[in-house]
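Enquirer: Sharing a structure below in structure tokens format, with a few things to ask.
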Amino acid sequence: MANYRVYRYRLEGIEFWKYPGDVFLEWLEIFEGTYDATNFARLEEGKNPLRTIISCKPWIVDGRVVGFEIIGEAFLWNQVRRTAMALHKMCIGELEPKDVLSAKLNPQVEYDFGVAPSDWLILWGVDWDEIPLPESLTEIRCFSAPPQGAAVERTMRKRWREGARHEMKSLLYSQWAELGKLPRVRHRELVD
Numbered sequence: 038m039a040n041y042r043v044y045r046y047r048l049e050g051i052e053f054w055k056y057p058g059d060v061f062l063e064w065l066e067i068f069e070g071t072y073d074a075t076n077f078a079r080l081e082e083g084k085n086p087l088r089t090i091i092s093c094k095p096w097i098v099d100g101r102v103v104g105f106e107i108i109g110e111a112f113l114w115n116q117v118r119r120t121a122m123a124l125h126k127m128c129i130g131e132l133e134p135k136d137v138l139s140a141k142l143n144p145q146v147e148y149d150f151g152v153a154p155s156d157w158l159i160l161w162g163v164d165w166d167e168i169p170l171p172e173s174l175t176e177i178r179c180f181s182a183p184p185q186g187a188a189v190e191r192t193m194r195k196r197w198r199e200g201a202r203h204e205m206k207s208l209l210y211s212q213w214a215e216l217g218k219l220p221r222v223r224h225r226e227l228v229d
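Numbering of the sequence shown is given in the numbering used here, commencing with residue 38 and proceeding in unit increments.
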């Protein structure tokens, strides 16, 4: 069984998301700890909803908060995407942190925060006893910032999101290329 899994979610890919400042750290802390995550997942029959989130912190690229990184022992179906949508809705003022905290503390009361798009989700890594998760050797610098300002119109944001999706793919391929080399194995020569 894995020790933990690391997911990263690029919130800036969701329309209208804007980094809310220092309060973001407080919001991320809501999701840490061991709790019944029923309100933050699509619960499959027979699954134990109790989950331990080791840490939830900002995902920073090139000095800019682009989303969040969440580390947990295991995750339920859509748990990270529902967490992302709750964070997004707090950022745009549709939810209060007390609503999210109430959903965490009262799993018997149904809350539906919605599900964030899968385009911006990355399973960053899995740590096993036999195969520990290596630290990334390269700094991520390939993320362009979303267009800002009063003159920015919907088409410009849409084009940026399409480019940002390619940046996500590029990031994955770059990280996969970094994973290491296969050991060189010499085969015995067959002797007749």
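Ideal Cβ positions, reconstructed from N, Cα and C, are used throughout, including at glycine.
On a predicted model such as this, the values are computed, not experimentally measured, just so you know.
Can you have a look at residue 183 and say buried or exposed, based on whether 16 or more other CB atoms are within 10 angstroms of its CB?
Expert: Flag for residue 183 reads buried.
Enquirer: Please list, in chain order, all residues of the same chain as residue 163 whose beta carbon is under 7 Å from its beta carbon, the five residues on each side excluded.
Expert: 39, 42 and 170
Enquirer: Give me the Cβ distance between residue 48 and residue 109, rounded to the nearest whole Å; I'm assuming they're in contact under 8 Å.
Expert: Not confirmed; about 18 Å, so no contact.
Enquirer: Using alpha carbons as the reference points, say which of 71, 58, 208 and 199 lies closest to residue 124.
Expert: When each option's Cα is compared against that of residue 124, the closest is 58.
Enquirer: Considering just the uninterrupted stretch of the beta strand (DSSP E) at residue 88, what are its terminal residues?
Expert: 87 to 98
Enquirer: Does residue 129 come out as helix, strand or coil in the three-state DSSP assignment?
Expert: coil
Enquirer: Please report the residue range of the alpha helix (DSSP H) in which residue 67 lies.
Expert: Membership of residue 67 in the alpha helix (DSSP H) is indicated by the continuous run 60 to 67.
Enquirer: Considering residue 160, what are the terminal residues of the alpha helix (DSSP H) in which it resides?
Expert: Counting along the chain, residue 160 falls outside any alpha helix (DSSP H), though it belongs to the beta strand (DSSP E) covering 158 to 164.
Enquirer: Roughly how many whole angstroms lie between the Cα atoms of residue 60 and residue 87?
Expert: 26 Å
Enquirer: For residue 105, which beta-bridge partners are listed by DSSP?
Expert: 46 and 95
Enquirer: Using beta-carbon positions only, say whether residue 106 and residue 194 come within less than 7 Å of one another.
Expert: no
Enquirer: When the Cα atoms are used, what is the spatial distance from residue 65 to residue 93?
Expert: Going from the Cα of residue 65 to the Cα of residue 93 covers about 5 Å.
Enquirer: Have a look at 208, 82 and 76 and flag the residue whose alpha-carbon is nearest the alpha-carbon of residue 117.
Expert: 76
Enquirer: Roughly how many whole angstroms lie between the Cα atoms of residue 189 and residue 79?
Expert: So the two alpha carbons sit approximately 36 Å from each other.
Enquirer: Hey, how far is the Cα of residue 119 from the Cα of residue 161?
Expert: 18 Å
Enquirer: From what residue to what residue does the alpha helix (DSSP H) around residue 136 run?
Expert: 134 to 142
Enquirer: Comparing alpha-carbon positions, which option in 121, 191, 159 and 140 lies nearest residue 207?
Expert: 159
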